[in-house]
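Chemist:
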Ligand code: M6R
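In this note's numbering, the protein residues as written are 106 to 731.
What follows is the structure, encoded as structure tokens:
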């Protein structure tokens, strides 16, 4: 939530900052703003409610002469405190208009700090929690023990703040540096030649450098054009505790590549995402082969000693977690509980040293999931993160990490990350089964070979695109769509409904097909579209035949049945008003295929309704508030 960037270098800072905001806009798009330290020693600020385009239009109209400079910062907002208006847009300035701040997160003690400032005669101009920080820095710089020392003033204020925050401060009298800091929300330094960046994520500066340094908890960094120096909030150097890394993808991965929307590109990238997530995780040996979770720091001995597994996650990642349960329980006979991360720590779950908690998060930043991880660790459980973002907070705080390798996901709706998470779950399940001896090596090898075949099958599902899009356009104006599935088809139904809700703002619900007769069947009326995910006829016959009966029940009551079924499953044909055929796959792996038409469907309905597929209203890609 909120994208922030700071730049010190030799380029036109306004261009650098606006380009960075464009690439980070998926993090929030309630407002955008820039602050540039002009050559005249004046801090030029512009900010505008709404999308970045509004800010750009304002800059184009009012002219950019004031914004000539090589130091600057910017912000794209997902509103928490204060409505998405111009006056609540960042950057905020202190009363001298020399200090500016941009912020991601929530300053939880802003109420007493605000009162303190008001008592000191400071007039606050916004409803945000952020503004207190900039006034406090301004006051600390004006008088007292840190007077005249910008960095010391900022550090003194950071020590007083509570909550989760990434903050970037500039000062008009110190145009050669920027100070930034983080607690529980992300901040990376981009290390260029003669230029430095700070940003919420690396997409902000990937065009200029692939060398980055990730800051740890409660660390601050001062950047100049040629240096960066990391300290704790007391100003002590923490050089050895930072984590330099080289970004292993390039600008092209963060661009749309000829597609109208990132989401459409990301749907097409799914075969590669699944394949890349599997790479290097299996080695052949005499016994048949082994799953290797190379980023994993959990020994086989530990994997053997776990007596239960919890999966915690939010949104689509939670749906991926629901799928993990089917695979892990089936392969290992370990009980698996799947829980919404936002609920987990409030109900006192039974956790101990022999519990494995799997935390799934694309961003690695989601506050609910992070808090669930912290709770699990407090209770001595071992935590394995499944994450798509190198070095994000959740993997950092976990005992082990398995990265999904699907590149940056920019569209707010999770697509390729979801499929990669599901794939990673299978790796975890197979690794557990292997360590615990619930599967023979040759069985593990066979499952892995089936998994390796999945990317080609996902490619074939993408070929259903034209049919699915035509269907979506026909249904773009219905008020409700229901989704049904059984077994692994049930989480797929939930995921299909979530995609439609978040992208097309359409009422959509996913149900376990067997639950229908316990209430929801009352919703069925003439012409209501119901999308049904059929299990493989080659899997458990009982599953298939039960779902067939469910389709007949709803069709008899007038529903329009849209059925996703395996090629050659002729039994379903008479009951499908529309049939979307997907290739045959092992039952547990079928979600990697059946989810894809639902993603395409939601994106097309959203487009037909005239909505921005990448930036649905009220949402942000990384949810860093609870
Ligand atoms: O980054 P995370 O995987 O932790 O994010 C979790 C959810 O916020 C995310 O999956 C969300 O539900 C997506 N918008 C769904 O498409």
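Cβ coordinates follow ideal geometry from the N, Cα and C atoms, glycine included. Bear in mind that the values here come from a model prediction, so they are computed numbers and not experimental data.
Go through its chain and collect everything with a Cβ distance to residue 510's Cβ below 6 Å, but skip five positions before and after it.
Modeler: Once the five neighbours on either side are set aside, the close Cβ partners of residue 510 are 381, 382.
Chemist: My parser needs the beta strand (DSSP E) runs of 3 or more residues fully inside the segment 158-212; what are they?
Modeler: Counting only runs of 3 or more, we get 176-182, 204-212.
Chemist: Can you tell me whether DSSP reads residue 139 as helix, strand or coil?
Modeler: Correct three-state label for residue 139: strand.
Chemist: Beta carbon of residue 397: closer than 6 Å to some heavy atom of the ligand M6R?
Modeler: Every heavy atom of the ligand M6R is 6 Å or more from the Cβ of residue 397, so no.
Chemist: Going by the C-beta, is residue 290 closer than 6 Å to any heavy atom of the ligand M6R?
Modeler: Answer for residue 290: no, Cβ out of range of the ligand M6R.
Chemist: For the 8 Å Cβ check, are there 3 or more pairs between the segment 675-695 and the segment 147-166?
Modeler: The segment 675-695 is not in contact with the segment 147-166.
Chemist: Determine whether the beta carbon atoms of residue 366 and residue 719 lie at a separation below 7 Å.
Modeler: Yes. Within cutoff.
Chemist: Tell me, which residues are paired with residue 545 by DSSP?
Modeler: DSSP output for residue 545 lists no bridge partner at all.
Chemist: From residue 584 to residue 609, what distance separates their C-alpha atoms?
Modeler: Those two C-alpha atoms are separated by around 11 Å.
Chemist: For residue 606, list the residues DSSP reports as bridge partners.
Modeler: In DSSP, residue 606 forms no bridge with anything.
Chemist: Relative to the alpha-carbon of residue 316, which residue among 322, 549, 333, 297 has its alpha-carbon at the smallest distance?
Modeler: If we check each option's Cα against that of residue 316, 297 comes out closest.
Chemist: The beta strand (DSSP E) with residue 287 in it runs from where to where?
Modeler: From DSSP, the beta strand (DSSP E) with residue 287 extends over 283-288.
Chemist: Can you list, in chain order, the stretches of the alpha helix (DSSP H) that have 4 or more residues and sit fully within the segment 377-446?
Modeler: Runs found: 405-410, 420-437.
Chemist: Tell me the DSSP secondary structure of residue 270 in three-state form.
Modeler: Residue 270 falls in the strand class under three-state DSSP.
Chemist: In this structure, does DSSP put residue 665 in helix, strand or coil?
Modeler: Reduced to three states, the DSSP call for residue 665 is strand.
Chemist: Which full runs of the alpha helix (DSSP H) of 4+ residues lie inside the segment 331-382, going along the chain?
Modeler: Segments of the alpha helix (DSSP H) lying fully in the segment 331-382: 367-373.
Chemist: Which residue's Cα is closest to the Cα of residue 711: 142, 581, 210?
Modeler: Looking at the Cα atoms, 581 is the closest of the given residues.
Chemist: Which of the three DSSP states, helix, strand or coil, is assigned to residue 466?
Modeler: Of the three classes helix, strand and coil, the one that applies to residue 466 here is strand, per DSSP.
Chemist: Here's a check: name, in chain order, each residue in its chain whose Cβ is nearer than 8 Å to the Cβ of residue 359, leaving out the five neighbours to either side.
Modeler: Counting only Cβ-Cβ distances below 8 Å, and skipping sequence neighbours, we find 128, 308, 311, 513, 515.
Chemist: Figure out for me which residue from 116, 347, 540 has the closest Cα to the Cα of residue 405.
Modeler: Of the candidates 116, 347, 540, the one whose C-alpha sits nearest the C-alpha of residue 405 is 540.
Chemist: Considering only the beta carbon of each residue, do residue 465 and residue 505 sit closer than 7 Å?
Modeler: It is not a contact, given that the beta carbons lie outside the stated cut-off.
Chemist: Which partner residues of residue 491 appear in the DSSP bridge assignment?
Modeler: Beta-bridge pairing links residue 491 to 465, 507.
Chemist: Let me know if residue 640 comes out buried or exposed under the rule of 16 or more other beta-carbons within 10 Å of its beta-carbon.
Modeler: So residue 640 counts as buried.
Chemist: Going by the beta-carbon positions, is the gap between residue 270 and residue 288 smaller than 7 Å?
Modeler: Taking 7 Å as the Cβ cut-off, residue 270 and residue 288 qualify as a contacting pair.
Chemist: On a Cα-Cα basis, can you pick out the residue from 553, 564, 546, 134 that is closest to residue 532?
Modeler: Nearest option by C-alpha distance: 553.
Chemist: Note down the Cα distance separating residue 305 from residue 451, rounded to an integer number of angstroms.
Modeler: Their Cα atoms are separated by approximately 29 Å.
Chemist: Going straight from the alpha carbon of residue 262 to that of residue 484, what length do you get?
Modeler: Taking the straight line from one Cα to the other gives about 33 Å.
Chemist: Quick check: what's the CA-CA separation for residue 715 versus residue 630?
Modeler: Approximately 27 Å between the Cα atoms of the pair.
Chemist: Alpha carbons only, please: which of 364, 687, 195 is nearest the one belonging to residue 133?
Modeler: Checking every option, the nearest Cα to that of residue 133 belongs to 195.
Chemist: Return no unless some Cβ of chain C is closer than 7 Å to the Cβ of residue 108.
Modeler: Checking the listed chains, one finds no chain C in this structure; it contains a single protein chain.
Chemist: Just to confirm my understanding: we take residue 633, look at its own chain, exclude 5 residues before and 5 after, and list those with CB closer than 6 Å. What are they?
Modeler: Here the set comprises 664.
Chemist: Starting from residue 112, follow its DSSP beta bridges and name the residues at the other end.
Modeler: Note: residue 112 sits in a beta bridge opposite 177, 302.
Chemist: Who pairs with residue 275 in a beta bridge, going by DSSP?
Modeler: Looking at the DSSP assignment, residue 275 forms a beta bridge with 205.
Chemist: In three-state DSSP terms, what is residue 685?
Modeler: If DSSP states are grouped into helix, strand and coil, residue 685 belongs with the strands.
Chemist: Tell me the residue span of the beta strand (DSSP E) that contains residue 153.
Modeler: Residues 148-154.
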